[in-house]
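Worksheet: one structure, shown below.
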Amino acid sequence: MMAVRGVRGAITVDENSKEEIAYRTEELLRAIVTVNKIETNDIASAIFTVTDDLNAEFPAVAARNLGWIHIPLLCSREIPVPGSLGMCVRVLLHVNTDKNPEEIVHVYLRDAIKLRPDIGTPVQDKYYISDSHT
Numbered sequence: 009m010m011a012v013r014g015v016r017g018a019i020t021v022d023e024n025s026k027e028e029i030a031y032r033t034e035e036l037l038r039a040i041v042t043v044n045k046i047e048t049n050d051i052a053s054a055i056f057t058v059t060d061d062l063n064a065e066f067p068a069v070a071a072r073n074l075g076w077i078h079i080p081l082l083c084s085r086e087i088p089v090p091g092s093l094g095m096c097v098r099v100l101l102h103v104n105t106d107k108n109p110e111e112i113v114h115v116y117l118r119d120a121i122k123l124r125p126d127i128g129t130p131v132q133d134k135y136y137i138s139d140s141h142t
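Residue numbers (our numbering): 9 to 142.
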């Protein structure tokens, strides 16, 4: 039976720039949809958060660049807990799927693997998007 499931992910960026935020967010989204075999039409919505040190671009721009035109997207600030990981984009995708919760692969890339080492994946960024960007 089809249900709406949450798929989590996060990635760190190297600098607070439009290009870097969009590039790394696209990298994360490509990894999530590839690993979980998600079709764009099955994505109900996406919520993005960024840490306080990122304000040069909305991460939702990366989703729009991937063609997610009719998917509701929301961007917000992450709670600034002292000592927490900075320069980080997080996402929660709501996906219509037949998968059970334990079949969902949550994707944490780069330094974001520190957020959930218990469920993070050994996914390599380069498998989903070229390493060259501006």
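Every residue gets a Cβ at the ideal spot worked out from N, C-alpha and C, and that includes glycine. Note that the coordinates shown come from a computational prediction; the quantities given were computed from them, not determined experimentally.
Roughly how many angstroms separate the alpha carbons of residue i and residue j, rounded to a whole number?
i    : j    : result
A71  : L82  : 11 Å
G14  : V89  : 23 Å
I51  : V43  : 14 Å
V41  : G91  : 30 Å
E27  : V69  : 10 Å
N63  : I55  : 16 Å
R38  : E65  : 18 Å
P80  : R124 : 26 Å
A30  : I121 : 19 Å
N108 : P67  : 28 Å
T59  : D106 : 32 Å
What residue does the beta strand (DSSP E) around residue i start on, and which one ends it?
i    : result
N108 : Taken as a continuous stretch (DSSP letters only), N108 belongs to no beta strand (DSSP E), as it is neither H nor E.
V115 : V115 to L117
R72  : Careful: R72 lies outside any beta strand (DSSP E), inside the alpha helix (DSSP H) at A68 to N73.
For residue i, which residues of its own chain have a beta-carbon under 7 Å away from its beta-carbon, when the five flanking residues on both sides are left out?
i    : result
D119 : T20 and L93
T57  : S84, R85, E86 and R98
Taking the continuous alpha helix (DSSP H) assigned at residue i, which residues delimit it?
i   : result
I29 : K26 to N44
Return the residue from the list the options that minimises the CA-CA distance to residue i.
i    : options                  : result
N24  : M95, G17 and G75         : M95
H102 : P67, E35 and T48         : T48
M10  : P125, P109, N104 and W76 : N104
I77  : D61, L36, N108 and S53   : S53
G1   : E34, E111 and V12        : Past the edges of the chain, shown from 9 to 142, lies residue 1, and the structure says nothing about it.
Residue i and residue j: beta carbons closer than 9 Å?
i   : j    : result
R16 : R98  : yes
L36 : V115 : yes
Going along the chain, which residues of its own chain have a beta-carbon closer than 6 Å to the beta-carbon of residue i, five neighbours each way excluded?
i    : result
I46  : V103
D126 : none
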